[in-house]
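Visitor: Before we start, here is the structure in question, set down as structure tokens.
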Amino acid sequence: MSARLGYTILYVADVEATVSFYEAAFGLRRKFIHESNLYAEMDTGQTTLSFAGEAMAEMNGLAIRPNRKSDLAAGFELALIFSDPNDAYRKAVAAGATPVKRPENKPWGQIVGYVRDLNGCLVEIASAMPDLPPARPHNQSTDE
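Once you know that position 86 of the sequence shown is 86 in UniProt numbering, the rest is easy, because the numbers rise by one and skip nothing.
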């Protein structure tokens, strides 16, 4: 059995405000917002980015640490790929994202910058990874 990543779900205080922010800051489009305003999905490509209200976590019996701008960012990030990360960074900050680190060239050939969204979640703004050699299967020896 193999898995595939289907959803990334962020629990947020205000689903509608978060959707509007991601539209303005990153140019993403909403797929839908449930009439309860407790769940929404964004059109992001192969993996769905979803926002669920904190009340949804409680309804599902989940204990979570709420995402807040006043707290240290959680130990994860959303990585969004742009053809021009510098322009995307400027637009995100102009739309209300909190600047963390301006885009910079990385040794592996990617341009990467960071902002925090209105909930305090860390968002990477990056260029696509350059063509790299294929990864060696995990069971393949390096002694070839």
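Even glycine gets a Cβ: it sits at the ideal position worked out from N, Cα and C.
Who does I81 pair with in a DSSP beta bridge?
Guide: Position 81 of the sequence shown, counted from the start, is the residue given in the question as residue 81. The beta-bridge partner set that DSSP reports for I81 consists of A126.
Visitor: Entirely within the UniProt domain "VOC" (4-128) and at least 3 residues each: give me those beta strand (DSSP E) ranges in chain order.
Guide: 7-12, 29-33, 39-43, 48-53, 77-81, 98-105, 111-116 and 122-126
Visitor: On the premise that L122 lies in contact with V100, defined as a C-beta separation below 8 Å, what is that separation, rounded to the nearest angstrom?
Guide: Start at 1 with the first residue of the sequence shown, and residue 100 comes out as number 100. Start at 1 with the first residue of the sequence shown, and residue 122 comes out as number 122. Right, their Cβ atoms sit about 7 Å apart.
Visitor: Skipping 5 residues on each side, what residues in its chain have a beta carbon closer than 8 Å to that of K31?
Guide: Locating residue 31 in the sequence shown gives position 31, where the first residue counts as 1. If we look at K31 and ignore the five residues flanking it on each side, its Cβ neighbours are A40, E41, M42, D43 and T48.
Visitor: Determine whether the beta carbon atoms of N119 and R68 lie at a separation below 9 Å.
Guide: Position 119 of the sequence shown holds residue 119. Position 68 of the sequence shown holds residue 68. Their beta carbons are under 9 Å apart, which means N119 touches R68 by this criterion.
Visitor: Pull up the distance between the alpha-carbon of N60 and that of Y11, whole angstroms please.
Guide: Taking the sequence shown and counting its residues from 1, the one referred to as residue 60 is at position 60. Taking the sequence shown and counting its residues from 1, the one referred to as residue 11 is at position 11. Spanning the two alpha carbons is a distance of roughly 12 Å.
Visitor: Report back the beta-carbon spacing between A79 and A25 to the nearest angstrom; my notes put them in contact at under 8 Å.
Guide: As a working note, residue 79 is residue 79 in the sequence shown. As a working note, residue 25 is residue 25 in the sequence shown. At roughly 15 Å, the Cβ-Cβ gap does not stay under 8 Å, so A79 and A25 are not in contact.
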